[in-house]
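Engineer:
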Amino acid sequence: MLLARLCAAWLVGIAVADVLWPPIAPPPPGNGAVLLGVLLLAVLSAIVTPRIAARHRGLHWLPRVMTLTLVAVLAAGRVWLARPRFDAAHVASMCDRGTVTIEGVIGAEPERRDGGVHYR
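The numbering used here puts the first residue of the sequence shown at 85, with every later residue one more than the last.
1) Considering Cα atoms alone, identify which of Y203, H174 and A93 is closest to A160.
2) Would you be able to state if there are at least three C-beta pairs under 8 Å between the region 149-160 and the region 124-134?
3) Can you tell me whether G121 is buried or exposed? The criterion is at least 16 other CB atoms within 10 Å of its CB, across all chains shown.
4) Smallest Cα separation from I190: which of L158, H202 and R135?
5) Out of R148, A176, V175 and T183, which has the shortest C-alpha to C-alpha gap to L87?
6) Quick check: is any heavy atom of the ligand FAD less than 7 Å from the C-beta of H140?
7) Excluding the 5 residues flanking R162 on each side, which residues of the same chain have their C-beta closer than 6 Å to its C-beta?
8) Do you know offhand how far L95's Cα is from S177's?
9) Across which residues does DSSP place G197 in a beta bridge pair?
10) Go ahead and pull the three-state DSSP assignment for R148.
11) Put D102 into one of helix, strand or coil per three-state DSSP.
12) Please list, in chain order, all residues of the same chain as I98 whose beta carbon is under 6 Å from its beta carbon, the five residues on each side excluded.
13) So what's R45 in DSSP terms, helix, strand or just coil?
Structure, rendered in structure tokens:
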């Protein structure tokens with residue numbers, strides 16, 4: 085059951101990161117220092133939470149929630165780090181935005197190959 089909860093937390097983190105930072109969008113705000121700070125805060129809270137729960141008997145569920153939150157934060161950070169960084173000038177930023185017209189000039193005779201025709 086623990087593995088199922090950890091997997092669910094990981095998927096929630098991926099989903100949250102996907103909503104916050106869609107695949108084709110400006111780069112996420114901040115840089116590695118921000119991500120490191122969030123990760124450090126999450127690890128610190130995971131260390132402190134069991135001590136708080138040990139003092140207050142009614143908070144036995146708190147370490148489990150903090151562990152699942154930490155897993156979700158790690159998954160969101162993983163998605164954030166793996167996302168390519170496209171700005172508005174990149175051709176990938178034009179995906180799914182309607183019709184795009186590309187104009188060019190053919191500079192040489194077409195080369196006929198087995199896989200098709202190649203233009204320069």
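Every residue, glycine too, gets a C-beta built ideally from N, C-alpha and C.
Structural biologist: This is what the structure gives:
1) Among Y203, H174 and A93, the Cα nearest to that of A160 belongs to A93.
2) Verdict: yes, contact present.
3) exposed
4) Among L158, H202 and R135, the Cα nearest to that of I190 belongs to H202.
5) R148
6) The ligand FAD is not among the ligands present in this structure, which contains no ligands whatsoever.
7) none
8) 26 Å
9) Looking at the sequence itself, residue 197 is Arg, so the reference to Gly does not match. BP columns for R197 point to G200.
10) helix
11) helix
12) A159 and V163
13) Here the chain has residues from 85 to 204 only, and residue 45 is not among them.
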